[in-house]
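A.B. asks: Structure below; questions to follow.
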Amino acid sequence: MPKPLNNAVLSLTPDKLLDFQHSVANIEGLVSLTFGEPGFATPAPVKEATIQAIEEDRSHYGDSQGEPKLRSAILDYMADRYDLHYPGIDNVIVTVGVTEAMQSIFKTLLAPGQGLLIPDPAYGSYFSALSLAGGTAVPIDTAKTAYKLTPALIDETMAETTEDVHAILFNYPNNPTGVTYTKSELEELAEAFKRHDLWVISDEIYSELTYEGDHYSMGKLLPDQTVVVNGLSKSHAMTGYRLGFILGPTALIEQIQKVHGPLVFAVPTFIQDGAVAALQIPKEDLAFMKVEYQKRRDYAKKFLEDLGFELVSPKGAFYLFAKLPADLGEDGWAFATDLAQQAKVSVIPGAGFSFFDEAKKFIRISYAADMAQLQEGLNRLKAYVDEQRAAQATAEALSEDMTALAD
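In this text, residue positions in the sequence shown follow UniProt numbering: the first is 1, and each later residue adds one.
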């Protein structure tokens with residue numbers, strides 16, 4: 001018999017989002033409103049640049065930290081979009097999406113057992129990545145503050161926890177709630193982060209999908225203790241390219257690179273060439289995506305509210321975090337499972353994003369899909385809800401009849 005496997009992996013809880021997606025994957029004719037998969041094609045200049053790179057044999061090892069041309073383009077892009085400035089390309093690492101970026105950052109900032117503050121609810125894959133890195137999650141329940149992180153919540157959590165907390169993972173606009181923050185709110189949070197000497201992992205992957213006001217980066221407020229994470233998956237409809245990037249203080253980036261290199265060595269060079277083209281597309285040429293997402297948000301929000309769902313007010317990203325109406329129960333997992341099986345439309349249970357019980361009453365719906373798919377999925381959801389309510393009404397009427405006969 002061979003030796004046992006790594007207990008850290010054996011004891012790892014499977015990613016709840018992937019686990020649920022797998023459980024419904026074989027349902028024929030399923031309309032998916034689950035993952036944040038942009039309902040747009042990758043822009044033509046990106047595809048053309050990638051094809052050209054392959055034809056020119058850009059298929060060999062690249063710079064492990066990222067091709068200099070791409071890192072320079074990232075610096076220009078972040079300066080133009082968010083007035084976020086760094087000294088040079090040594091402040092950038094090109095990663096295999098945000099997922100690998102997080103793994104590299106966690107392993108750098110946290111020794112085994114050290115704590116990471118996570119405003120909850122949060123993207124479920126964070127939890128698995130943190131476990132793999134040996135860190136300890138210290139969730140902050142934002143449900144009691146309209147799903148927004150506040151300085152008071154940070155102070156309260158830091159006062160109550162017994163964990164050795166070294167960092168906070170701050171994602172905005174947020175997945176799954178869609179909440180985001182004004183500059184003044186961010187300034188107050190920055191003071192709290194500074195007060196507690198926290199490294200800040202600022203996941204700003206949805207920065208381009210901010211619907212009211214402009215996105216303001218935490219990297220501008222706390223440059224010496226913030227590592228900014230971003231990428232092209234959501235802003236440029238390039239999820240399959242797996243292109244992310246990390247920006248931060250030179251000394252910290254140097255340490256993160258020690259982890260990133262052995263994990264993946266480098267992102268494929270032809271992908272990086274496509275990314276250069278993406279970053280050079282004028283902002284105006286991509287504005288239509290945000291306009292369409294906002295239309296889908298407004299349509300889906302009203303549709304769900306008319307059905308009695310209570311929604312967290314979404315100001316960014318492309319998700320609706322919806323609380324089940326009381327007459328549909330309090331088990332989002334059971335609801336989502338039955339919805340997929342009976343109505344052939346899939347949504348994600350809220351429990352996949354949280355350590356707290358309140359999230360079990362929620363589902364997350366992605367409105368990233370094209371409008372025709374979104375409408376079809378929501379119409380199936382309505383038909384399912386109407387059927388459930390009709391069945392309840394019939395059961396209640398029958399119960400009343402039985403009671404009357406007994407009397």
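Even for Gly, the Cβ is constructed at its ideal location relative to N, Cα and C.
1) Going by DSSP, which residues form a beta bridge with S202?
2) Taking the runs of the alpha helix (DSSP H) that are 4 residues or longer, which of them lie wholly in the segment 300 to 388?
3) Going by DSSP in three states, F265 sits in which element: helix, strand or coil?
4) Within the same chain, show all residues whose beta-carbon is closer than 6 angstroms to that of A53, passing over the 5 residues directly before and after it, in chain order.
5) Grab me the residues of A129's own chain with a C-beta within less than 8 angstroms of its C-beta, minus the 5 sequence neighbours each way, in chain order.
6) Looking only at DSSP bridge pairs, what is I93 linked to?
7) Does the beta-carbon of V96 have 16 or more other beta-carbons within 10 angstroms, so that it is buried, or is it exposed?
8) How is D214 classed by DSSP in three states: helix, strand or coil?
9) Helix, strand or coil: how does DSSP classify P45 here?
10) Who are L117's beta bridge partners in DSSP?
11) For A275, tell me which candidate among L18, E55, Y126 and A73 has the shortest Cα-Cα distance.
12) Given that a residue counts as buried once 16 or more other Cβ atoms are within 10 Å of its Cβ, and exposed if not, what is H215?
13) Taking E310 as the reference, which of P139, L75 and A146 has the closest Cα?
14) Tell me whether the segment 253 to 261 and the segment 201 to 216 touch, counting them as touching only if at least three CB pairs, one residue from each stretch, are closer than 8 angstroms.
15) Using only the alpha-carbon positions, how far apart do E28 and D386 sit?
16) If you count every other CB in all the chains shown that lies within 10 Å of the CB of I51, and 16 or more means buried, which is it?
17) Does DSSP classify V179 as helix, strand or coil?
18) Leaving aside the five residues before and after R380 along the sequence, list all residues of the same chain whose C-beta is less than 7 angstroms from its C-beta, in chain order.
19) Decide if F193 is buried, meaning its Cβ has at least 16 other Cβ atoms within 10 Å, or exposed.
20) Rounded to the nearest angstrom, what separates M289 and A393 at their Cα positions?
21) Around the Cβ of L263, are there at least 16 other Cβ atoms within 10 angstroms (buried) or fewer (exposed)?
22) Can you list, in chain order, the residues of its chain whose CB lies under 6 angstroms from that of E376, leaving out five sequence neighbours each side?
23) Alpha carbon to alpha carbon, how far is D331 from V165? Give it in angstroms, no decimals.
24) Quick one: what does DSSP say S233 is sitting in, helix, strand or coil?
25) Determine whether the Cβ of A372 lies closer than 8 angstroms to any Cβ atom of chain D.
26) Below 8 angstroms on the Cβ atoms is my guess for residue 410 versus S366; work out the distance and round it to an integer in Å.
27) In whole angstroms, give me the CA-to-CA distance for F321 and E187.
28) I need the boundaries of the alpha helix (DSSP H) containing S125, first residue and last residue.
29) Comparing C-alpha positions only, which one of S131, G88, A122 and E67 sits nearest to G115?
30) Which value, in whole angstroms, describes the spacing of the CA atoms of V179 and A317?
31) Do three or more CB pairs link the segment 297 to 307 to the segment 357 to 374 at distances below 8 angstroms?
32) Please tell me whether F20 and A359 are closer than 8 angstroms, where the distance is taken between their beta carbons.
33) Less than 7 angstroms between C-beta atoms, sequence neighbours within five positions excluded: which residues of the same chain meet that for T108?
34) Use the C-beta contact count for F265: other C-beta atoms within 10 angstroms, 16 or more gives buried, fewer gives exposed.
35) Based on the DSSP output, what are the partners of V31 in its beta bridges?
36) Taking the alpha-carbon positions, what's the A143 to P176 distance?
C.D. replies: Reading off the structure:
1) Translated into positions along the sequence shown, residue 202 becomes position 202. Checking the DSSP bridge columns, you'll see S202 partnered with F170 and V228.
2) Here the runs fully enclosed are 332 to 343.
3) The count along the sequence shown starts at 1 and reaches residue 265 at position 265. Correct three-state label for F265: coil.
4) For the purposes of this step, residue 53 is identified with residue 53 of the sequence shown, where counting begins at 1. Taken in chain order, the residues that qualify are F270 and D273.
5) In the sequence shown, residue 129 corresponds to position 129, counting from 1. Closer than 8 angstroms at Cβ, skipping near neighbours: T99, M102, Q103 and F106.
6) In the sequence shown, residue 93 corresponds to position 93, counting from 1. Bridge partners of I93: I246.
7) Residue 96 sits at position 96 when you count from the first residue of the sequence shown. V96 sits buried, since 16 or more C-beta atoms from the chains shown fall within 10 Å of its C-beta.
8) In the sequence shown, the residue the question calls residue 214 occupies position 214. The DSSP-derived three-state label of D214 is coil.
9) Counting from 1 along the sequence shown, the entry for residue 45 is found at position 45. The three-state reading of DSSP puts P45 in helix, counting H, G and I together.
10) The residue given as residue 117 occupies position 117 in the sequence shown. Paired residue(s): V138 and I168.
11) Taking the sequence shown and counting its residues from 1, one reaches residue 275 at position 275. A275 has its Cα closest to that of A73, out of L18, E55, Y126 and A73.
12) Numbered from 1 along the sequence shown, position 215 holds the residue referred to as residue 215. Answer is buried; the Cβ neighbour count reaches 16.
13) Along the sequence shown, read from residue 1 onward, the residue named residue 310 stands at position 310. It is A146 whose Cα lies nearest to the Cα of E310.
14) Contact between the segment 253 to 261 and the segment 201 to 216 is absent, because fewer than three Cβ pairs lie under 8 angstroms.
15) Working through the sequence shown from its first residue, we reach residue 28 at position 28. Working through the sequence shown from its first residue, we reach residue 386 at position 386. Going from the Cα of E28 to the Cα of D386 covers about 22 angstroms.
16) Position 51 of the sequence shown, counted from the start, is the residue given in the question as residue 51. By the C-beta density criterion, I51 is exposed, having fewer than 16 other C-beta atoms within 10 angstroms.
17) The residue you call residue 179 lines up with position 179 of the sequence shown. V179 falls in the coil class under three-state DSSP.
18) Residue mapping note: residue 380 aligns to position 380 of the sequence shown, counting from 1. For R380, the CB contacts under 7 angstroms within the same chain, skipping 5 residues up- and downstream, are V31, A343, K344 and V345 in chain order.
19) Indexing the sequence shown from 1 puts residue 193 at position 193. Classification of F193: buried, given that the 10 Å Cβ count is 16 or more.
20) Indexing the sequence shown from 1 puts residue 289 at position 289. Indexing the sequence shown from 1 puts residue 393 at position 393. Going by C-alpha positions, M289 is about 42 angstroms away from A393.
21) Within the sequence shown, numbered from 1, the residue matching residue 263 stands at position 263. Burial call: exposed.
22) Taking the first residue of the sequence shown as position 1, residue 376 is located at position 376. The residues are V31.
23) Translated into the one-based positions of the sequence shown, residue 165 becomes position 165. Translated into the one-based positions of the sequence shown, residue 331 becomes position 331. Rounded to the nearest angstrom, the two C-alpha atoms are 32 angstroms apart.
24) Taking the first residue of the sequence shown as 1, we reach residue 233 at position 233. S233 falls in the coil class under three-state DSSP.
25) Note that chain D does not occur in the displayed structure, where there is just one protein chain.
26) Since the displayed the chain opens at 1 and closes at 407, residue 410 lies outside it and no answer follows.
27) For this step, residue 321 is matched to residue 321 along the sequence shown. For this step, residue 187 is matched to residue 187 along the sequence shown. Between F321 and E187, the C-alpha separation is close to 26 angstroms.
28) On the sequence shown, position 125 is the one that residue 125 refers to. Segment S125 to A133, the alpha helix (DSSP H) holding S125.
29) What you label residue 115 is simply residue 115 of the sequence shown in a count that begins at 1. Checked all of S131, G88, A122 and E67; the closest Cα to G115 is S131.
30) Numbered from 1 along the sequence shown, position 179 holds the residue referred to as residue 179. Numbered from 1 along the sequence shown, position 317 holds the residue referred to as residue 317. Their backbone Cα atoms lie some 8 angstroms apart in a straight line.
31) Yes, the segment 297 to 307 is in contact with the segment 357 to 374.
32) Along the sequence shown, one-based indexing puts residue 20 at 20. Along the sequence shown, one-based indexing puts residue 359 at 359. The answer is no: Cβ separation not under 8 angstroms.
33) Translated into the one-based positions of the sequence shown, residue 108 becomes position 108. Excluding five sequence positions before and after T108, the CB atoms of its chain that fall closer than 7 angstroms to its own CB belong to Q255, I256 and V259, given in chain order.
34) What you label residue 265 is simply residue 265 of the sequence shown in a count that begins at 1. When all chains shown are included, F265 counts as exposed.
35) Start at 1 with the first residue of the sequence shown, and residue 31 comes out as number 31. Note: V31 sits in a beta bridge opposite V345.
36) One-based indexing of the sequence shown puts residue 143 at position 143. One-based indexing of the sequence shown puts residue 176 at position 176. The alpha-carbon atoms of A143 and P176 are separated by roughly 12 angstroms.
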